[in-house]
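Residue numbers (UniProt numbering): 1 to 296.
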């Protein structure tokens, strides 16, 4: 009897001792984690704050400081068709075209990989995964030679197709993962109603995976929007180059840089991507669109 009463008491004391000893450690770990997160946040916020402040500073420099007077002269200086509007339009054409082509091809490639068991499906996925590991700089020399032979150099459509092909391996993996979350029983119900495989894909699967398609499109769009190397190599005419290339116009000779105009241009350059995030978030619907889809 005494032994039975002693064991819970010892366990209680042990538990109390453990919680007392672990409490300060947990508190110290939490403080250290918050300090690290705060330092990382400062490292991200300071460059963005510099861009915002320098865009309204007529005497902007690399150092961060509050300007004596706010001005919009930097925005007025860059609001020209040759410097801003045409490069932004070219960037939009390249990014939207690459995103649209990649999404269509990724859906058509991911559907059989997600729905059918193929003999070489696993090896095909491994080859696709290997394609994501190839650096773009390693294949630009043969790509440039191929574009010269096909007479596609300095061609916006040719550059769009190449950027779509470069983004396709990762897009196929992402699309397949999103498509795997759609229950196949919904397609089977459509098949019993006489729908074909493509009709089931278009009318059942795609509406339910709209958030996934939006994620893939944003991924490809942002990659193409910030791509400098590919348009710089494949597009030779200044009137066809996107904003990622024309931004070098603010870097003058002998190390002189128009920091205020560069900051103002950076704000305009980032605005379409932010707007795309907001737009796609509103029109893609809830991420829980499959909730209750297989009930009953």
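All C-beta atoms in this analysis are idealised placements derived from N, C-alpha and C, irrespective of residue type, glycine included.
Residue 178 sits buried, since 16 or more C-beta atoms from the chains shown fall within 10 Å of its C-beta.
Looking at the backbone, the Cα of residue 49 and that of residue 146 are separated by about 43 Å.
Distances from the alpha-carbon of residue 238 to those of 27, 89, 265 put 89 closest.
In this structure, residue 91 sits away from residue 220, with a CB-CB distance that is not shorter than 7 Å.
For residue 251, the secondary structure class from DSSP, reduced to helix, strand or coil, is strand.
Between residue 233 and residue 140 a beta carbon distance of about 6 Å is seen, short of the 8 Å cut, so the two are scored as contacting. Judged by beta-carbon spacing, residue 102 lies beyond the 7 Å limit of residue 58, meaning their Cβ atoms are not closer than that value. When beta bridges are read from the DSSP output, residue 257 appears opposite 251. The C-alpha of residue 191 is placed about 7 Å away from the C-alpha of residue 197.
Selection 31, 180, 62 evaluated against residue 113 yields 180 as nearest (Cα-Cα). Within its own chain, the residues whose Cβ lies closer than 8 Å to the Cβ of residue 124, once the five positions on either side in sequence are excluded, are 113, 118, listed in chain order. Rounded to whole angstroms, residue 184 and residue 204 show a C-alpha spacing of 10 Å. If you compare the alpha carbons of 55, 61, 64, 158 with that of residue 93, the shortest gap goes to 158. Cβ atoms of residue 136 and residue 230 come within 8 Å of each other, at about 7 Å. In this structure, residue 167 places its C-beta atom within 7 Å of the C-beta atom of residue 223.
Excluding its 5 nearest sequence neighbours in each direction, residue 277 has C-beta neighbours in its own chain below 8 Å: 218, listed in chain order. Considered as a whole, the segment 32–98 harbours 73–78 as its complete alpha helix (DSSP H) runs of no fewer than 4 residues, in chain order.
For residue 55 and residue 40, the gap between their C-alpha atoms comes out near 24 Å.
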